[in-house]
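Q:
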Amino acid sequence: MRIVLTILAFLPLTSLAEVVTVDFVRVLNGNDEEAVFYYENNWKQHRIKAAEKGYISSYKLLVKTSDEGETDILLVTGYASQSQYEDREKNFAVVMGDRGQDGPVMMNDKLPGAFREIFERGVYVTD
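Residue numbering for the sequence shown follows the numbering used here, starting at 244 and increasing by one per position.
(1) Note the first and the last residue of the continuous alpha helix (DSSP H) segment covering Y281.
(2) Could you tell me if R359 is buried or exposed, where buried requires 16 or more neighbouring beta carbons within 10 angstroms of its beta carbon?
(3) If the criterion is Cβ atoms closer than 8 Å, does the pair A336 and L271 meet it?
(4) Considering only DSSP beta bridges, list what G365 is partnered with.
(5) With a threshold of 16 other CB atoms inside 10 Å of the CB of N351, please say whether the residue is buried or exposed.
(6) What does the alpha-carbon distance come out to for the pair E313 and I361?
(7) For E311, which of T264, K292, E283, G273 has the nearest alpha-carbon?
(8) Give me, in chain order, the residues of the same chain whose beta-carbon lies closer than 8 Å to that of G343; leave out the 5 immediate sequence neighbours on both sides.
(9) Tell me which same chain residues have a C-beta within less than 6 Å of the C-beta of K353, skipping the five on either side of it?
(10) What whole-angstrom Cβ distance do Q327 and Y298 have, given they're in contact under 8 Å?
(11) Can you check whether the CB of V368 is closer than 8 Å to the CB of A260?
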């Protein structure tokens with residue numbers, strides 16, 4: 244028992260901390276409906292499946308419209324550990340393969356580059 248406690252005492256704190264990624268998305272050219280539809284039907288659906296499989300610990304899709312009518316979207320994904328975060332590419336490949344789609348679900352013929360821009364990305368470690 245003492246050996247286990249000694250080993251745990253020397254583990255880095257980041258191995259016990261949650262890793263959170265945030266993508267900051269700006270909606271372009273007033274295409275709010277297209278952007279929200281895209282993230283609700285693709286990004287969010289992938290996160291639901293990833294959470295069910297235990298690949299992620301949390302997710303949030305946040306939409307904010309300013310008084311001037313500009314819309315920003317925040318895409319937040321939580322990983323229970325550094326190793327879960329490091330496995331994200333492999334795990335999301337499984338999730339996307341499970342959906343059995345040829346590509347993303349779109350509202351109309353507009354490609355994502357026409358209605359959104361990811362203007363900042365961040366990776367944060369929580370205590």
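Think of the CB as a built atom: it goes at the ideal place given N, C-alpha and C, for glycine as much as any other residue.
A: Walking through what the data contain:
(1) Sequence index remark: in the sequence shown, residue 281 carries index 38 (1-based). It spans 275–281 - the alpha helix (DSSP H) in which Y281 sits, taken as one unbroken run.
(2) What you label residue 359 is simply residue 116 of the sequence shown in a count that begins at 1. Buried: at least 16 other Cβ atoms inside 10 Å.
(3) Start at 1 with the first residue of the sequence shown, and residue 336 comes out as number 93. Start at 1 with the first residue of the sequence shown, and residue 271 comes out as number 28. Contact: no.
(4) Counting from one through the sequence shown, the residue named residue 365 turns up at place 122. In DSSP, G365 forms a bridge with V265.
(5) To locate residue 351, count along the sequence shown from 1; it is residue 108. The residue is exposed, with fewer than 16 neighbouring Cβ atoms inside 10 Å.
(6) Reading the sequence shown from its first residue, position 70 is the one you call residue 313. Reading the sequence shown from its first residue, position 118 is the one you call residue 361. Spanning the two alpha carbons is a distance of roughly 14 Å.
(7) Here the question's residue 311 lines up with position 68 in the sequence shown. Ranking T264, K292, E283, G273 by Cα distance to E311 puts G273 first.
(8) The residue you call residue 343 lines up with position 100 of the sequence shown. If we look at G343 and ignore the five residues flanking it on each side, it has no Cβ neighbours.
(9) In the sequence shown, the residue the question calls residue 353 occupies position 110. Once the five neighbours on either side are set aside, the close Cβ partners of K353 are E277.
(10) Residue 327 sits at position 84 when you count from the first residue of the sequence shown. Residue 298 sits at position 55 when you count from the first residue of the sequence shown. That belief holds up - the Cβ atoms of Q327 and Y298 are roughly 7 Å apart, short of 8 Å.
(11) Here residue 260 refers to the residue found at position 17 when the sequence shown is read from its first residue. Here residue 368 refers to the residue found at position 125 when the sequence shown is read from its first residue. In contact: A260 and V368 (Cβ atoms closer than 8 Å).
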